[in-house]
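Colleague:
There are 2 protein chains.
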Amino acid sequence: MNADLPKAVPTAAGTCPPRRAVVLLSGGLDSATVAAWAIDGGWEVTALSIDYTQRHRCELDAARAVALHLGIVDHVVLPVDLAAFGGSALVDPTIPVPRDRPEEWLAREIPVTYVPARNTVFLALALALAEARGAEAIALGVNSIDYSGYPDCRPEYLDAFRRLAILATKAGVEGRPIEILAPLVELTKAQIVTLGRDLGLDPGLTTSCYDPTPEGRPCGHCDSCRLRAAGFAAAGVVDPRATGG
Amino acid sequence: MNADLPKAVPTAAGTCPPRRAVVLLSGGLDSATVAAWAIDGGWEVTALSIDYTQRHRCELDAARAVALHLGIVDHVVLPVDLAAFGGSALVDPTIPVPRDRPEEWLAREIPVTYVPARNTVFLALALALAEARGAEAIALGVNSIDYSGYPDCRPEYLDAFRRLAILATKAGVEGRPIEILAPLVELTKAQIVTLGRDLGLDPGLTTSCYDPTPEGRPCGHCDSCRLRAAGFAAAGVVDPRATGG
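Those protein sequences? They're chains A and B, same order as listed.
All residue numbers for the first sequence refer to the working numbering, where the first residue is 6 and numbers rise by one.
All residue numbers for the second sequence refer to the working numbering, where the first residue is 6 and numbers rise by one.
1) Comparing the C-beta of residue 88(A) with each C-beta of chain D, is any distance below 8 Å?
2) Which term fits residue 188(A), buried or exposed, when burial requires 16 or more other beta carbons within 10 angstroms of its beta carbon?
3) Whose CA, out of 121(B), 209(B), 17(B) and 186(B), lies closest to the CA of residue 68(B)?
4) My parser needs the alpha helix (DSSP H) runs of 4 or more residues fully inside the region 137-193 of chain B; what are they?
5) Mark residue 256(B) as exposed unless 16 or more other C-beta atoms lie within 10 angstroms of its C-beta, in which case mark it buried.
6) Could you tell me if residue 191(B) is buried or exposed, where buried requires 16 or more neighbouring beta carbons within 10 angstroms of its beta carbon?
7) Bridge partners for residue 252(B) per DSSP, in chain order?
8) At 7 Å on the CB atoms, spell out the chain A contacts of residue 129(B), in chain order.
9) Can you name the residues of chain A whose CB is closer than 9 Å to the CB of residue 115(B)?
10) Under a CB-based cut-off of 8 Å, is residue 24(A) close to chain B?
11) Out of curiosity, what's the CA-to-CA distance linking residue 181(A) and residue 242(B)?
12) How would you list, in chain order, the residues of chain A whose beta-carbon sits under 7 Å from the beta-carbon of residue 91(B)?
13) Where does residue 81(B) fall in DSSP's three states?
14) Pick helix, strand or coil for residue 229(B), following the three-state DSSP scheme.
15) Between residue 78(A) and chain B, is there a C-beta pair that is closer than 8 Å?
16) Any residues in the region 156-167 of chain A with a beta carbon nearer than 8 Å to a beta carbon of chain B? Which ones, in chain order?
17) Rounded to whole angstroms, what is the Cα-Cα separation between residue 49(A) and residue 165(A)?
18) For residue 119(A), go through chain B and note every residue whose CB falls closer than 7 Å to its CB, in chain order.
19) Hey, out of 171(B), 152(B) and 216(B), whose CA is closest to residue 156(A)'s CA?
20) Within 10 angstroms of its Cβ, does residue 22(A) collect 16 or more other Cβ (buried), or is it exposed?
21) Please list, in chain order, all residues of the same chain as residue 103(B) whose beta carbon is under 8 Å from its beta carbon, the five residues on each side excluded.
22) For residue 8(B), count neighbouring Cβ atoms within 10 angstroms of its own Cβ and tell me buried if that reaches 16, exposed if not.
23) Does the Cβ-Cβ distance between residue 121(A) and residue 137(B) come in under 8 Å?
24) What three-state label does DSSP hand residue 238(A) in the structure shown?
25) Name, going along the chain, the residues of the region 179-193 of chain A whose beta-carbon falls closer than 7 Å to a beta-carbon of chain B.
26) List the residues of chain B whose Cβ lies closer than 8 Å to the Cβ of residue 81(A), in chain order.
27) Which residues in chain A have a C-beta closer than 7 Å to the C-beta of residue 85(B)? List them in chain order.
28) Cβ of residue 145(A) less than 8 Å from any chain B Cβ?
29) Roughly how many angstroms lie between the CA atoms of residue 72(B) and residue 222(A), to the nearest whole one?
30) By alpha-carbon positions, which one of 240(B), 211(B) and 232(B) ends up nearest to residue 39(B)?
31) Return the CA-CA distance between residue 4(B) and residue 96(A), expressed in angstroms with no decimal places.
32) Would you verify that the beta carbon of residue 52(B) is, or is not, closer than 8 Å to some beta carbon of chain A?
33) Straight-line CA distance for residue 19(A) to residue 26(A)?
34) Taking 8 Å as the threshold (beta carbon to beta carbon), is residue 142(A) in contact with chain B?
35) Would you check if the distance between the CB atom of residue 65(B) and the CB atom of residue 33(B) is smaller than 8 Å?
36) For residue 44(B), which option in 78(B), 54(B), 57(B) and 63(B) has the closest C-alpha, if you only look at C-alpha atoms?
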């Protein structure tokens, strides 16, 4: 593996009983890479996918395919209808998903695809599942380099959640705080593509598009499609899911 | 109103447009008192109740009755099946709810009625709803005096969530952090009973029992029933929902 890429630290390899981690698995490239990374590091993985009535619900099929591909047998798909709250293009079909945003806008302004407090909801649910399963860690694919400007993808946000997790849980109070692992947080999309390839992940199983066709084909124009395409191009890897691919 | 009891600070009275708060409304006495307190303080209230497949789901009927009683028209009841995770007597019917625990155990050990990370899940959802609704505050009825020893009811936990909420949201990043109001956190149960009475809340609409009969009558033996009974007794107020009442 490329020396620049993160290893699963803390490693869980060879521990007995095996250490368990809850991986937030959306079905996108980043979370699938984290799941492969955790397994490579020796963690027993429980995958958690949230059906939040997202516009791109086909990502849940991708999550199931990735779990199968990686041999994850404990995969929880939990419905939480964030569309009942609204407030985002990803859960409100009347708000268009921006197409072909200038690259200099990415990470500078928070776009309408921001789902209010989404990662806090997902991390809170992962924390609940981790404590219920006796897991020692949560791993997620947030990234603060090639991303769309979401506040809940930044290292300082993760640090605040780590502090909260210690105070919030029986495990934390009893001196066994649940770790929050975000191995991709400071990688470029190209590095994530390379890491996934090195881990043997089939990127054709993953989907990143916010606004796919009814058949689940990527639009090629949303922030997520464009970041993914740029990442594959920079890594020199062919994306089997690319538009027309 | 008794001078020892908290006023709705920051007050929202007379603001135009009215300031909105999301109140986590379980249907219990504490959250109903917070809803009445927020309305008394001039807040426009959106109530959020979570159907987490709790053993005492009849509390959702109580939440609906309280919302009606207080004139709250925006009441969201969101299903989030925490029973799929397990790990608590409140969501797993095979784990008995402790009966008649010695009083000295309350607040000293974390009981099996602790639901892993429950308040973090609820606050995260309230944060999402608050941001989607443009609300400026979340109010909840957590209490760290007469309570059952849950880690996610303590002032230091709430402070950690306040810090997280600033970093987690578009509102926070843009300098409009959503406030977390916990007016009961340092009140005794007797003070909460008195506050509710002074605010005109009908406590007979609320239910606190963890393990009610199929008809929704309180058991009288769980921690929650006993704390409630002691609070009413100390306040010198008759509880219309008491066993046999």
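Just so you know, even glycine gets a beta-carbon here, dropped at the ideal spot from N, CA and C.
Modeller: Taking the structure as given:
1) Annotation note: the requested chain D is absent from the structure, which comprises protein chains A and B.
2) As a position in the first sequence, residue 188(A) is number 183, starting the count at 1. If you draw a 10 Å sphere on the C-beta of residue 188(A), you find 16 or more other C-beta atoms in it, and that means buried.
3) Start at 1 with the first residue of the second sequence, and residue 68(B) comes out as number 63. It is 209(B) whose Cα lies nearest to the Cα of residue 68(B).
4) Segments of the alpha helix (DSSP H) lying fully in the region 137-193 of chain B: 160-173 and 175-178.
5) In the structure as shown, chain B starts at 6 and stops at 250, and residue 256(B) therefore has no counterpart that could be examined.
6) Taking the first residue of the second sequence as 1, we reach residue 191(B) at position 186. Exposed, because fewer than 16 other Cβ atoms sit within 10 Å of the Cβ of residue 191(B).
7) Since the first and last residues shown for chain B are 6 and 250, residue 252(B) lies out of range.
8) Position 124 of the second sequence, counted from the first residue, corresponds to residue 129(B). In chain order: 122, 125, 126 and 129.
9) For the purposes of this step, residue 115(B) is taken as residue 110 along the second sequence, with counting starting at 1. Listed along chain A, the residues sitting closer than 9 Å to residue 115(B) by beta-carbon distance are 175, 178 and 179.
10) One-based indexing of the first sequence puts residue 24(A) at position 19. Not an interface residue.
11) Here residue 181(A) refers to the residue found at position 176 when the first sequence is read from its first residue. Here residue 242(B) refers to the residue found at position 237 when the second sequence is read from its first residue. Per the coordinates, the alpha-carbon of residue 181(A) lies some 42 Å from the alpha-carbon of residue 242(B).
12) If you number the second sequence from 1, residue 91(B) lands on position 86. Neighbours of residue 91(B) in chain A, taken as residues whose beta carbon is under 7 Å from its own, are 137 in chain order.
13) The residue you call residue 81(B) lines up with position 76 of the second sequence. Under the three-state reduction of DSSP, residue 81(B) is assigned to strand.
14) What you label residue 229(B) is simply residue 224 of the second sequence in a count that begins at 1. Note: residue 229(B) maps to helix in three-state DSSP.
15) Along the first sequence, one-based indexing puts residue 78(A) at 73. No, no contact with chain B.
16) Correct list: 156, 157, 159, 161, 162, 165 and 166.
17) In the first sequence, the residue the question calls residue 49(A) occupies position 44. In the first sequence, the residue the question calls residue 165(A) occupies position 160. Roughly 26 Å between the two C-alpha positions.
18) Your numbering for residue 119(A) matches position 114 in the first sequence. Those are 175, listed as they occur along chain B.
19) Your numbering for residue 156(A) matches position 151 in the first sequence. Cα-wise, what sits closest to residue 156(A) is 171(B).
20) Along the first sequence, read from residue 1 onward, the residue named residue 22(A) stands at position 17. Taking a 10 Å sphere around the C-beta of residue 22(A), we find fewer than 16 other C-beta atoms and assign the residue as exposed.
21) The sequence position of residue 103(B) within the second sequence is 98, counting from 1. Contacts found: 94, 116, 117, 118, 227 and 228.
22) What you label residue 8(B) is simply residue 3 of the second sequence in a count that begins at 1. For residue 8(B), the predicted structure reports a pLDDT of 45, less than 50, and the residue's modelled location is therefore unreliable. The matter cannot be settled from this model.
23) Position 116 of the first sequence holds residue 121(A). Position 132 of the second sequence holds residue 137(B). Closer than 8 Å, so yes.
24) If you number the first sequence from 1, residue 238(A) lands on position 233. Reduced to three states, the DSSP call for residue 238(A) is helix.
25) Of all residues in the region 179-193 of chain A, none comes within less than 7 Å of chain B when Cβ atoms are compared.
26) On the first sequence, residue 81(A) is found 76 positions in, with the first residue counted as 1. Going along chain B in sequence order, the residues near residue 81(A) (Cβ under 8 Å) are 89 and 90.
27) Residue numbering aside, residue 85(B) sits at position 80 when the second sequence is read from its first letter. Near residue 85(B) (Cβ distances below 7 Å), the residues of chain A are 85.
28) Translated into the one-based positions of the first sequence, residue 145(A) becomes position 140. It does not: the Cβ of residue 145(A) has no partner Cβ on chain B nearer than 8 Å.
29) Position 67 of the second sequence holds residue 72(B). Position 217 of the first sequence holds residue 222(A). Per the coordinates, the alpha-carbon of residue 72(B) lies some 44 Å from the alpha-carbon of residue 222(A).
30) Within the second sequence, residue 39(B) is the residue found at index 34, counting from 1. The shortest C-alpha separation from residue 39(B) is found at 211(B).
31) Outside the displayed span of chain B (6 to 250) sits residue 4(B), for which this structure offers no information.
32) Position 47 of the second sequence, counted from the first residue, corresponds to residue 52(B). No - not a single Cβ of chain A is within 8 Å of the one on residue 52(B).
33) Working through the first sequence from its first residue, we reach residue 19(A) at position 14. Working through the first sequence from its first residue, we reach residue 26(A) at position 21. A straight line joining the alpha-carbon of residue 19(A) with that of residue 26(A) spans about 15 Å.
34) For the purposes of this step, residue 142(A) is identified with residue 137 of the first sequence, where counting begins at 1. No, because no Cβ of chain B sits closer than 8 Å to the Cβ of residue 142(A).
35) In the second sequence, counting from the first residue as 1, residue 65(B) sits at position 60. In the second sequence, counting from the first residue as 1, residue 33(B) sits at position 28. Remark: C-beta atoms of residue 65(B) and residue 33(B) do not approach each other more closely than 8 Å.
36) On the second sequence, position 39 is the one that residue 44(B) refers to. The option with the nearest alpha carbon to residue 44(B) is 78(B).
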